[in-house]
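So the sequences go chain by chain: A and B. By the working numbering, the letter at position 593 of the first sequence is numbered 616, and the numbering carries on one by one without gaps. By the working numbering, the letter at position 586 of the second sequence is numbered 609, and the numbering carries on one by one without gaps. Note sheet for the following structure.
There are 2 protein chains.
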Amino acid sequence: MDFYQGRVLRIDLGSGSISSEPLNMEWAERYIGGKGLLLRYMWEYIPPRVDPWAPENPVFLVTGPFAGTNVSTASRLVVGAKSPVTGILDDSYVGGSFAPEMKFAGYDLIIIMGKAREPVVLWIKDDEVELVPAKEKYWGLKTSEIEEALREDLDENAKILSIGPAGENLIPWACLSTDQFHKAGRGGHGALFGSKNLKAVAVRGTGSVKVGDAREFLADIARIHREHVLTDFNLWANEEGTPILVDPVNGAGALPTRNWSAGSFEGADGINSEAFQRVKVANRACYQCALGCRQVHEAGGVKSEGPEYETIALCGANCGIGDLEALMRFNRECDEWGLDTISSGSVIGLAMDMTQKGIADFGLRFGEIDAYVAAPGLIARREGRGAELALGARALAAKYGVPEMAMEVKNLELPGYDPRGAFGMSIAYATSDRGGCHMRSYPIADEVLEGSRPADSLEGKAKQVIEGNVANGFIGQNFSSIKFSGIWCDFWAVDPGQLCQMFRHVFKREFSEDEIMLIGERIWNLGRLLNLREGVEPDTLPRRLYDAGWAFPEGPSAGKAIGERPFKEALQEYYRLRGWDEAGVPTEAKLAEVGVDVRLVPSGMDPATAASS
Amino acid sequence: MDFYQGRVLRIDLGSGSISSEPLNMEWAERYIGGKGLLLRYMWEYIPPRVDPWAPENPVFLVTGPFAGTNVSTASRLVVGAKSPVTGILDDSYVGGSFAPEMKFAGYDLIIIMGKAREPVVLWIKDDEVELVPAKEKYWGLKTSEIEEALREDLDENAKILSIGPAGENLIPWACLSTDQFHKAGRGGHGALFGSKNLKAVAVRGTGSVKVGDAREFLADIARIHREHVLTDFNLWANEEGTPILVDPVNGAGALPTRNWSAGSFEGADGINSEAFQRVKVANRACYQCALGCRQVHEAGGVKSEGPEYETIALCGANCGIGDLEALMRFNRECDEWGLDTISSGSVIGLAMDMTQKGIADFGLRFGEIDAYVAAPGLIARREGRGAELALGARALAAKYGVPEMAMEVKNLELPGYDPRGAFGMSIAYATSDRGGCHMRSYPIADEVLEGSRPADSLEGKAKQVIEGNVANGFIGQNFSSIKFSGIWCDFWAVDPGQLCQMFRHVFKREFSEDEIMLIGERIWNLGRLLNLREGVEPDTLPRRLYDAGWAFPEGPSAGKAIGERPFKEALQEYYRLRGWDEAGVPTEAKLAEVGVDVRLVPSGMDPATAASS
């Protein structure tokens, strides 16, 4: 089939077992690629209820049908696994040039199982697969070092997906790096690599991606780019990038500040878009992307892409840091050691809070720069106070008897939007399929950025979380599910109509916008079923967001609290709108309606509860 | 595609996860069905080096392309898994009507993973799949009882594949039963069912199998049946069945007698074909088979199909039992409790030997009937002396410091041919892909039954084990691999030319006999690679077969010993002929030549030993 290479590569690092099989095109027709195809393969290849740290828990690298073509923003790779942090699915996306290279090597999907007896690098050059010993030369290297070393030793054009020392040391929020500054950040995929003794995957492909009638495809894509990509609406990404969010979110009282103890940060001016524009030296782009959103900054002795908004929020405001140079240095430390910045900022902010409240002494205080910049390295090496911080927010707070101080959902630390300044985000976080995440649904767009809906009410938000608002580019869960199956980047506000125009080249048939949304809903339901199979926690929020006693005394969101009862009502409304039962289990009718092709039946239950699929 | 249903059903009993996926037709083209397709799916779906007792170790039920058509003998099912007995692949075949019913329900292949929390029956009715609670009503039933109960409760036409109490109690040689008298005997699949809390799989299908141009197919098959099935050569199966082997094997000094302490049994006349013909009351046939080899006997208050030759050898001669009625009763006990008769006879014969030599007292003596007939029940229930016997031959002998008294290869007890009376069987046993088994290669046909080769020499036997002798219907490893992918029964002496004529209907292209043999070799190499991946024991024999000190003092095979050095030379010759290295590892050149599509690469080895696929 055009667009797809039609091949899956499977490697077991423990036994050295290698095989390649045809891509399951029935699944590709049903679930597209990227997120959808990932979830279907996860359903099939994850041993149900497997211990996420066990060698049997596989890691999946999945491309989309457009990776390696000239469709803007669609070069993304999704890394998927049963997360050791949340115990449920985690799909983490990363740009750069890895996914196209993987396609050029001939694979749509790579499944990595097992644990190598000693550290290795998985080296894939077209159909040659090698496990390169990594113990002596590569293990211990930081992320920029490993990329450089592997390009020198293997192939100067190899694309590398690697871990830093944080992954080697199984830090729960260790991430994956590629093209140095691109991270598959959330859910601990770096720790999973580490648990498999896998330092990196290097790939080099000399093939190409076929697109059927190239003339027609190129003409169509050129038109779409002209009309829908390179528009004023999208160019914020190129001009300012995500730091553009700092001011409005801060203004709404939704900027996590000093471990979520305030919603506005008095030092925001030092780390907002205007500040970063002053140190901007260049733009960079992912493979095949016309937007070029990467902002290259130089400050504090560091030259790097980013930080993105989430880093500014969690590692800046949430740590009481308004010093741009310190933030640049901290961000670079996280990048080099291989740590997700959202969780890093959340845990360190928590540690600062605990220290200042006298609950424990981590030598960290809001706004104090030296200890702050040193912290990622200590965590990654599990050194000194870092060993304890490596527990992650939930376990750290629980250890000291202050669970309410950790801001997480399903053990994934929350990103940079305090729901008290944008109530819809509470439903988005609680119902996200990978725990506390803003990337499945983004109601704050309507509540704050575009301002068309009240930010301090849950009314209608369940529906909004599911459906989004395509008109202003705010994604909901259903649409994001298919968008991330494309895999288009969040930064192109593509709409269902444009997806129809692009998909028809892939599948040689017409799509309706309704079908696009139905596929999205199908994927979301499949994810829910997978999470139920693996044992997902209840959909709840951190207590602090419920209770009025924790409301901010001042600022734009002063006095606001979500309230447990309104939240639970909204959650039931969400389940109803989803066609799920009161416990959040998709009904047979809904699964049949949306075309999910797998089922869960009770196993070994009381005789009375036996059910058929 | 015609002949195949094109669907695979996967069930996880632990989580209730159910899904169906398209059959991988690329693998079907390459590995046909049955054994070949099983091994390819095992490579993919068995977590490498998994503990065979772990819930993650799946069980596979696989049909062949001709199941459900009118091709004689091709209704067989192969049950596959990583065996808890041998730790390597085990493919166990069973006739009856289960495989066609599975095809009619729409599946070529069923993969069962996980462990149910409480006992269940997996009930598949076309595309409805149900886990029926089995704890109260079904667990504990014998094999005839469970079939009757499930037909009454579920569907009178359901086909049942079940375990008896032996499987529930994880007896290592517990087998699977279907149509009451048909057993997937070897390798402990019954124990695997038990370990998954799976009492039975019941299936009912209302669909059909498509064969393309039915008129042409039927005409061709009718001709093949007339010319090649219903011949004098094949009709021994209908007239006498496998008991016909007793006299010639006994006459060659190759009949295991009193725990392999003699090669001829003085009481053979009581349990040979002539004796069984006297109590024969009917013939029965598997679905779609014109041969009708099943001999129904009535004696000793028992009416049953069988015993087959292997049962007569191991449970008769090897236990010093020449009493036909006792043997009928013992066989029925094994059938009802769900025990493989080869291993039962081997273990009980060993226990008799140990008792009579004063090594231990199991209350069992050669030829003593009452304790003998009671033993299968004691073993199945792990009751009294049965608890210790349930260790199996290797572990039982080892426990008492007499490992040489156990006759097994790779922990699978040897079947009914003593290699000292048919030297070629030593290579067949040692190189069998599932441990001590006669079903991959049968050189005794040339050595004894047809008598064209010396029985007391290893010369040329390595080649013979690999290639067989198609002219006299003696299968070798390569041909049996493709024959059991068909899946044709051993009892039809089909040849490669006839396979070509049948396969062309399935694959809509011509086959050459060379290609048939190449596919067989491909499958055999895939099996070897899988066994190496899982950690196969060295290819050796029980010491008793090597040493002249153990040779029989009298009888037709008196004084014969295989000799360790000649055996090892023959084994190296076997490896060379196979294109494997001295350690028995297939070379890259051989794998490429025969078209195996998977590889093993070293993982985490010393830097010097890193290799590419």
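Positions of the beta carbon are idealized from the N, C-alpha and C atoms, including for glycine. Note that the structure is a prediction, hence the values are computed from the model and not measured.
8 Å contact criterion, which residue i and residue j should meet: CB distance rounded
i, j, result
"Asp-441 (chain A)", "Leu-564 (chain A)", "Actually they are not in contact, since the Cβ atoms of Asp-441 (chain A) and Leu-564 (chain A) sit about 11 Å apart, beyond 8 Å."
"His-248 (chain A)", "Ser-95 (chain A)", "6 Å"
"Arg-227 (chain A)", "Glu-124 (chain A)", "7 Å"
"Val-85 (chain A)", "Leu-112 (chain A)", "Their Cβ separation, rounded to whole angstroms, is 12 Å, which puts Val-85 (chain A) and Leu-112 (chain A) out of contact at 8 Å."
"Trp-360 (chain B)", "Ala-403 (chain B)", "4 Å"
Beta-carbon gap between residue i and residue j smaller than 9 Å
i, j, result
"Gly-293 (chain B)", "Gly-345 (chain B)", "yes"
"Val-234 (chain A)", "Ile-135 (chain A)", "no"
"Val-117 (chain A)", "Ala-181 (chain A)", "no"
"Asp-202 (chain A)", "Arg-281 (chain A)", "no"
"Val-101 (chain B)", "Leu-215 (chain B)", "no"
"Leu-199 (chain B)", "Ser-327 (chain B)", "no"
"Ala-398 (chain B)", "Met-351 (chain B)", "no"
"Phe-526 (chain B)", "Ile-55 (chain B)", "yes"
"Ala-128 (chain A)", "Ala-90 (chain A)", "no"
"Phe-446 (chain A)", "Lys-591 (chain A)", "no"
"Lys-613 (chain B)", "Asn-554 (chain B)", "no"
"Ala-298 (chain A)", "Leu-373 (chain A)", "no"
"Leu-337 (chain A)", "Ser-296 (chain A)", "no"
"Val-73 (chain A)", "Pro-195 (chain A)", "no"
Chain-ordered neighbours of residue i on chain A, where CB pairs are closer than 9 Å
i, result
"Gly-129 (chain B)", "What Gly-129 (chain B) touches in chain A: nothing, since even the nearest Cβ is about 14 Å away."
"Arg-545 (chain B)", "Within 9 Å Cβ-Cβ: nothing; Arg-545 (chain B) doesn't reach chain A, min ~14 Å."
Length of the line joining the Cα atoms of residue i and residue j
i, j, result
"Ser-266 (chain B)", "Ile-335 (chain B)", "The amino acid occupying residue 266 (chain B) in the given sequence is Pro; Ser does not appear at that position. About 8 Å."
"Pro-237 (chain B)", "Ser-43 (chain B)", "Note on residue identity: the sequence assigns Ala, not Pro, to residue 237 (chain B). The alpha-carbon atoms of Ala-237 (chain B) and Ser-43 (chain B) are separated by roughly 28 Å."
"Gly-572 (chain B)", "Asp-562 (chain B)", "22 Å"
"Ile-546 (chain A)", "His-528 (chain A)", "21 Å"
"Pro-438 (chain A)", "Ile-365 (chain A)", "6 Å"
"Ile-244 (chain A)", "Gly-499 (chain A)", "25 Å"
"Ala-574 (chain A)", "Ala-285 (chain A)", "9 Å"
"Ala-634 (chain A)", "Arg-622 (chain A)", "Unreliable positioning characterises Ala-634 (chain A) in this predicted model, as indicated by a pLDDT of 37, which lies under 50. A coordinate reading is not provided."
"Pro-630 (chain B)", "Ala-615 (chain B)", "Per-residue confidence for Pro-630 (chain B) stands at a pLDDT of 34, beneath the threshold of 50, marking its modelled position as unreliable; the derived number appears in the next sentence. The alpha-carbon atoms of Pro-630 (chain B) and Ala-615 (chain B) are separated by roughly 25 Å."
"Val-155 (chain B)", "Gly-211 (chain A)", "38 Å"
"Gly-407 (chain B)", "Glu-79 (chain A)", "39 Å"
"Gly-39 (chain B)", "Asn-220 (chain B)", "13 Å"
"Tyr-64 (chain A)", "Glu-431 (chain A)", "28 Å"
"Glu-175 (chain A)", "Ile-183 (chain A)", "12 Å"
"Thr-632 (chain A)", "Pro-625 (chain A)", "With a pLDDT of only 37 at Thr-632 (chain A), under 50, the local geometry of the prediction cannot be trusted, and the value read off the model is given with reservation. One C-alpha to the other measures close to 7 Å."
"Ala-77 (chain A)", "Thr-254 (chain B)", "56 Å"
"Ser-455 (chain B)", "Thr-610 (chain A)", "49 Å"
"Gly-137 (chain A)", "Glu-544 (chain B)", "29 Å"
"Ile-392 (chain B)", "Phe-353 (chain B)", "9 Å"
Beta-carbon neighbours of residue i, restricted to chain B and to distances below 8 Å
i, result
"Met-136 (chain A)", "Pro-70, Pro-71"
"Gly-409 (chain A)", "Correct list: empty, because the minimum Cβ distance to chain B is about 27 Å."
"Glu-79 (chain A)", "Pro-70, Val-73, Glu-79"
Neighbour list for residue i in chain B, Cβ cutoff strictly below 7 Å
i, result
"Asn-47 (chain A)", "Glu-44, Pro-45"
Within chain A, the residues that residue i reaches when beta carbons sit closer than 7 Å
i, result
"Arg-556 (chain B)", "Ser-38, Ser-40"
"Asp-35 (chain B)", "Pro-71"
"Pro-266 (chain B)", "Neighbours of Pro-266 (chain B) on chain A: none; closest Cβ ~43 Å, over 7 Å."
"Pro-426 (chain B)", "Under the 7 Å cutoff, chain A gives no residues; its nearest Cβ is about 29 Å from Pro-426 (chain B)."
"Arg-622 (chain B)", "Ile-41"
Residue i CB to nearest heavy atom of the ligand NAP below 8 Å
i, result
"Gly-213 (chain B)", "Absent from the structure shown: the ligand NAP. Ligands present: none."
Within chain A, the residues that residue i reaches when beta carbons sit closer than 8 Å
i, result
"Glu-168 (chain B)", "Those within 8 Å of Glu-168 (chain B) in chain A number zero; the least Cβ separation is about 19 Å."
"Arg-227 (chain B)", "Ordered by position in chain A, no residue passes the 8 Å Cβ test against Arg-227 (chain B), which lies about 13 Å from the chain."
"Trp-66 (chain B)", "Ser-40, Ser-42"
Continuous alpha helix (DSSP H) assignments of at least 4 residues falling wholly in the segment 243-326 of chain A = 259-262, 269-274, 296-301
Can you give, in chain order, each stretch of the beta strand (DSSP E) that sits fully within the segment 68-103 of chain B and has at least 3 residues?
-> 82-85
Scan the segment 114-138 of chain A and note each continuous beta strand (DSSP E) run of 3 residues or more that stays entirely inside, going in chain order.
-> 132-136
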